[in-house]
Amino acid sequence: MRNLLTIAIVVTLFALWSVRADDGKKEDQPDQPVSVALKANGSNFLYLLPDGYAAKKKWPLVIHLHGNGDRADNTMKSRNGIAATVRQQLKLARVNFIQVAVNAKSKKGFSHANDEKALLESIDTMKAKFNVDPKNVFLFGFSGGGFFAASEAVTHPETFKGVAVCGAGMPGNLSKDQLEAAKELEVFLLIGDRDPHLPFGQHMRDLFKKVPFKHFSYHEIKGQGHTVTLADRQHVWEWLTEVAERK
1284 MRNLLTIAIV VTLFALWSVR ADDGKKEDQP DQPVSVALKA NGSNFLYLLP DGYAAKKKWP
1344 LVIHLHGNGD RADNTMKSRN GIAATVRQQL KLARVNFIQV AVNAKSKKGF SHANDEKALL
1404 ESIDTMKAKF NVDPKNVFLF GFSGGGFFAA SEAVTHPETF KGVAVCGAGM PGNLSKDQLE
1464 AAKELEVFLL IGDRDPHLPF GQHMRDLFKK VPFKHFSYHE IKGQGHTVTL ADRQHVWEWL
1524 TEVAERK
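Just so you know, the sequence shown maps onto residues 1284 to 1530 in the working numbering.
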């Protein structure tokens, strides 16, 4: 009887130790992005966890917004996709971000009416599923996705710590009060001097310097058209990592 009681105690203690030890375990890392449906507009988003994700640590979140006519699947899966290059091509010491890529409802691209609620829903979903650091949520958009990213970051400065905009600029429908309220945002703007969107990028540059935005980084690439190169992505990811680690 005494032996059975001893065995029972040992088994119970081992089980409790196992549960505690499991609190910080690493999540399984899927090889492919995981798709999640969005109730707000019937679209979806995809996500990837960083290597070494563990639930007991808070992780920064970056949301990729594709250009007009593109899709989040290409952002995540293709050889030149933004998320794919992080793991395969960019020379980064670490990528400690949970990554999300949202699909616009319309094939024409993102709009406030169609996609704002879905964007915010994707953030809430990821916060519910994973240990997202609410003080380290970023937007990263190219072309049409860049215009949308700039607009949403300024409209919701309480949600986003920063925004990286490539090949785009600032839409003209934001008030001075909105810009003033968002001047603490971290902002990175990169555009080629042969990009047809250059006037929008330069307008955003001048507007943000006038407010002024306290943390604004502008990069105009000589001889570059409407594209985002690997060097550009490297630059963006280094900026994201630096800002995410800044208190």
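Glycine included, each C-beta is placed from N, C-alpha and C at the ideal position. Just so it is clear, the structure is predicted and the values come from calculations on it, not from any experiment.
- Around the beta carbon of D1460, fewer than 16 other beta carbons sit within 10 angstroms, so the residue counts as exposed.
- Here A1401 is buried, its C-beta having at least 16 other C-beta atoms within 10 Å.
- In the structure shown, N1414 falls within a coil segment according to DSSP collapsed to helix, strand and coil.
- A direct Cα-to-Cα measurement between E1404 and A1465 gives close to 21 Å.
- DSSP, read as helix, strand or coil, puts P1482 in helix.
- For H1502, the enclosing beta strand (DSSP E) starts and ends at H1498 to I1504.
- When C-beta atoms of the stretch 1507-1522 are compared with those of the stretch 1491-1499, fewer than three pairs fall below 8 Å, so the two segments do not count as touching.
- A distance below 6 Å between beta-carbons, with the five flanking residues on each side excluded, links L1329 to the following residues of its chain, in chain order: P1316, S1318, A1355, M1359 and A1384.
- The beta carbons of G1350 and F1425 sit closer together than 8 Å.
- In this structure, DSSP gives S1318 an extended state, which the three-state scheme calls strand.
- Residue burial is scored here from C-beta neighbours: P1343 has at least 16 other C-beta atoms within 10 angstroms and is therefore classed as buried.
- Under the three-state reduction of DSSP output, A1447 falls in the strand class.
- Bridge partners of L1348 according to DSSP: V1385 and G1424.
- N1419 sits in a strand when the DSSP states are folded into three classes.
- In this structure, the CA atom of A1323 is about 14 Å from the CA atom of F1393.
- Take P1440, set aside five residues on each side of it, and the residues of its chain with a beta-carbon closer than 8 Å to its own are A1464, A1465, E1467 and L1468, in chain order.
- Around the beta-carbon of R1529, fewer than 16 other beta-carbon atoms lie within 10 Å, marking it exposed.
- Only exposed fits E1525, as fewer than 16 other CB atoms lie within 10 angstroms of its CB.
- Taking the CA atoms as reference points, G1429 sits about 23 Å from K1410.
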